Amino acid sequence: MTTVDSFGSKGVLDVQGVEYEIFRLNKVEGAQKLPYSLKVLLENLLRTEDGANVTADQIKALAAWDPNAQPDTEIQFTPARVIMQDFTGVPCVVDLATMREDIQGLGGDPERVNPLSPAELVIDHSVQIDFFGNDAAIERNMEIEYERNGERYKFLRWGQTAFDDFKVVPPGMGIVHQVNIENLARTVMTREVDGVLRAYPDSCVGTDSHTTMVNGLGVLGWGVGGIEAEAAMLGQPVSMLIPRVVGFKLTGSIPSGATATDVVLTITEMLRQHGVVGKFVEFYGEGVGSVPLANRATIGNMSPEFGSTVAIFPIDEVTLDYLRLTGRSEEQVALVEAYTKEQGMWHDPSSEVAYSEYLELDLSTVVPSISGPKRPQDRIELTDAKDQFRKDLHNYATQDEAGKGRPSKLVDVVMADGRQFQLDHGAVSIASITSCTNTSNPSVMMAAGVLARNAVAKGLKSKPWVKTSVAPGSRVVTDYYEKSGLRESLNDLGFNVVGYGCTTCIGNSGPLESEISEAIQENDLAVTAVLSGNRNFEGRINPDVKMNYLASPPLVVAYALAGTMDFDFKNEALGQDTAGNDVFLQDIWPDPTEVQKIIDASIDTEMFISQYATIFDGDERWQSLETPSGSTFEWDEKSTYVRKPPYFEGMTMQPDPVSDISGARVLLKLGDSVTTDHISPAGSFTADTPAGRYLLEHGVQRKDFNSYGSRRGNHEVMIRGTFANIRIKNQLLDGVEGGFTRDFTQEGAPQAYVYDAAQNYAKQGIPLVVLAGKEYGSGSSRDWAAKGTALLGVKAVITESFERIHRSNLIGMGVLPLQFPEGENADSLGLTGTETFDISGITALNEGTTPKTVKVTATGEDGKVTEFDAVVRIDTPGEAEYYRNGGILQYVLRQIAAKS
């Protein structure tokens, strides 16, 4: 690509005798008045201006940004790199391998299918907690991980050798987002271009929605679907509208009883209520300098939970200190400082910047909180937790015992090892310190260790029915737990390290002990999970657990001691000490001053340098894997993990014209807040599901099913798992949960699995639509939520509103996203889902224009006709081009083939 440089911005920056080519922002009028995040975008446009995709007019429009305007100007953002995790990364590499093979049918060269931007994949989503509560757990869990996933890992090792600029961090090294901020993030990138060393802001897109954690380092990045990430790797810019930017002012400091987790849950609630979907959130003001980097990363991590595209902090001394702590070179730190100051990107709290909207939080007002039982934004002050649990319990349990004031069902459980206890609704069955959100933050991780130490000193123990675990975000956490002496206390309470990965937060909590699981299932107990994560959606954590709560790591330990959500920490004792005195939470709560002293004495730069020196090497298990070779992959027809998908079958160089939709049936009618977990669950599944039946038919035993997430390289499993979440509620059926629908191809439209019904529709050539409410597709940036939807035969999804990532992913798979008219929904229009749908006006796209609305005609079984104009949510010309091509991958493959 040839840079046009209409503004004469190309220049040289000398840092300690090294010259870097840079593109100066001060050459563009208005640049210095922009918020930090938009300066990053502006530099990106200056550097990639080519007169076609990126024009001088786009650059001028961004520099003249009106904070009060609604987004309407499209720009093309080219991320500096791509970051992936293995659940979403495996299908990315599968698709690239498929493109390499199928480009030959279009006359192209397989070697042209290659990442053009650095791409790094961290294997962190596959470890499950099969063993816990002892020092041998981590080794056993890793052994089982390799047994289950060896096939996938061999494939990824092939990808690492076959593709240029593609690196894999092997299992057991850490969680992708923590590895990103501690090692992979450059903050300022350098790359040789045409023989010249160029410096520019680090930016990234990632195949995990919590890519935004890197925003804490001042790196502009967010989560995208795997299909968008693949396109970015292949040189396609991300098409976007210049966003509104919300300025969030932080003042004050966190009080001693609260933690960074409580801050994050408070901010999540505030921003969800304010409404920031599709917007940038930027933190500013005098208070920013007092926010530690780990807290910034924790806040950035939760951006998907409040719905913003990013939640970013600017670069300042705190950023530089963190780069030094984590072992970045002095040359790199000097470059970051010099570059950001030269470009006017260094944080200056005295500089007035205009934002689109404003919020403010006095950190001193934050109180201890949890969130649940099913959404991250449902914050509950800890003092209200017991009362709120009792109110929520009525939605999950019905049996009432006189005088209890809440549903209650005491069940006697006798374990094989002699433990005996009673379980009731609300029992904490899982207490897990896990996920990227908090395990990168020493303040809360050390606080958990200190609370454990204090509890052990008082003679307290975790309740015998609680499955306890610690899954650190990186090996550095274990190092500082060892050095501080706190690991032993955590072990004493059963919080042994079980692995380095997402575990519980992604649904890899592993099975509960069999006697406990049987008691829960036989008595329909509404038990709970408490985790230090960012996601607590229904059905996500464990199939036996109905109610899930997010909490800080020290509160996770506290709930393991309490053993139930039906607990008032202020007025109820956790137990008695050796003298028989009641012990309350306040008696063992960590003193933040002591926690900070332990952090200062226990964490040093050498830990980071040592752990990350061999980050790409892996252990002997990884190194001993057989690695296939060759530029194209040899598919194994017997594989149940990695199969060639059908996306490009029958594809020609010229796409077929798009057509209107006629005679469509409703596959599902859904309500509000349907997540990508509901659409494409990542966790376990049973033998009687379509996915389970498929694996049994292919010789896989039930114990080896693994999870949907681990099977994402096999489209046959994933199609069968689409809309198969055990908690999804399809309104075509009364009172039924799970992946079922009505099959209108059969007489009487009986209940059927979604997959089975979709197959019957496909045989009869009947297209499908999905109806839904507000915030459709919230949650993870899960490409299979869109891929599975498309492969089931769904041609359009009609909702009240979409979450950003899923909407773009649907377009990327050739599915049309439509919205009901403002103020209307399926119910207000009288739609039951039993109608036949015709959608006209889509063909306008063939003329190169995107219609604002299309006409939807729904004909009921009684002949009643309902008509409305649905809003077309193809928001940019780039998205229209993808849709016309049948999807983003088809568009990219045609582009590459044309250049071969």
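Residue numbers for the sequence shown follow my numbering, beginning at 27 and rising by one.
From the three backbone atoms N, C-alpha and C, an ideal C-beta is built for every residue, glycine too.
Given the structure is predicted, the values throughout are model-derived calculations rather than measurements.
Specify the secondary structure class of residue i as computed by DSSP and reduced to three states.
i	result
THR124	helix
TRP372	strand
CYS230	strand
THR554	strand
PRO468	helix
THR187	helix
PRO843	strand
TYR802	strand
ASN206	helix
VAL317	coil
ARG833	helix
LEU721	helix
GLN96	coil
MET690	Before going on, a small fix: residue 690 reads as Ala here, not Met. Reduced to three states, the DSSP call for ALA690 is strand.
LYS180	helix
SER540	helix
VAL54	coil
THR104	coil
ASN607	coil
Can you give me the Cβ contacts of residue i inside the same chain, cut-off strictly under 8 Å, excluding the 5 residues immediately before and after it?
i	result
SER665	GLU177 and ASN740
ASP161	ASN517 and ASN522
With distances taken from CA atoms, which of the options is nearest residue i?
i	options	result
ILE641	MET199, ASP40, LEU389 and HIS151	MET199
SER500	GLY525, GLY803, LEU486 and LYS489	GLY525
THR658	MET125, GLU47, GLY913 and VAL30	MET125
ASP76	SER32, GLN58, LYS86 and PRO97	SER32
PHE863	GLY689, ALA822 and GLY709	GLY689
GLY601	LYS489, PRO117, LEU576 and GLY559	LYS489
PHE189	ASN175, ARG138, GLU173 and ASP234	ARG138
LEU587	ASP128, LEU557, ALA457 and ASN560	ALA457
PHE274	LEU243, GLN369 and LEU389	LEU389
ASP645	VAL743, THR104, GLU165 and GLY889	GLU165
VAL496	VAL743, THR465, ASP730 and TYR46	THR465
LEU817	PRO141, ARG746 and ALA778	ARG746
SER455	GLU907, ARG73, GLU544 and GLY735	GLU544
Quick check on residue i: buried or exposed, where buried means 16 or more other Cβ atoms within 10 Å of its Cβ?
i	result
ALA924	exposed
HIS832	buried
PRO776	exposed
LYS596	exposed
LEU182	buried
ALA78	exposed
ALA225	buried
ALA255	buried
TYR917	buried
ASN607	exposed
THR767	buried
Might you give, ordered along the chain, the residues of its own chain that have their beta carbon closer than 6 Å to the beta carbon of residue i, omitting 5 neighbours on each side?
i	result
GLY429	In this predicted model, GLY429 has a pLDDT of only 44, less than 50, meaning its place in the structure is not dependable enough to derive any value.
ASN534	GLN154
TRP648	PRO196
GLN757	LYS695
VAL362	THR213 and VAL214
GLU383	VAL272
Quick check on the DSSP output: the beta strand (DSSP E) that includes residue i runs from which residue to which?
i	result
MET215	214-219
ARG669	Here ARG669 belongs to no beta strand (DSSP E), and DSSP marks it neither H nor E.
SER455	454-459
VAL823	820-825
LEU581	Where LEU581 is concerned, there is no enclosing beta strand (DSSP E), although the alpha helix (DSSP H) it sits in stretches over 579-588.
VAL139	Where VAL139 is concerned, there is no enclosing beta strand (DSSP E), given that its DSSP letter is neither H nor E.
SER397	395-397
LEU387	383-388
Quick one: what's got a C-beta closer than 7 Å to residue i's C-beta in the same chain, skipping five residues either side?
i	result
VAL820	LEU693, LEU794, VAL795, VAL796 and VAL841
GLY353	THR631, PHE634, ILE635 and TYR638
THR653	LYS180, ARG183, TRP184 and THR187
ASN872	PRO683 and VAL684
PHE415	GLY452, MET591 and ASP592
PHE828	TYR802, GLY803, PRO843 and ARG899
Which stretch, first to last residue, makes up the alpha helix (DSSP H) that contains residue i?
i	result
TYR787	780-789
VAL496	That residue, VAL496, is in no alpha helix (DSSP H); its beta strand (DSSP E) goes 493-496.
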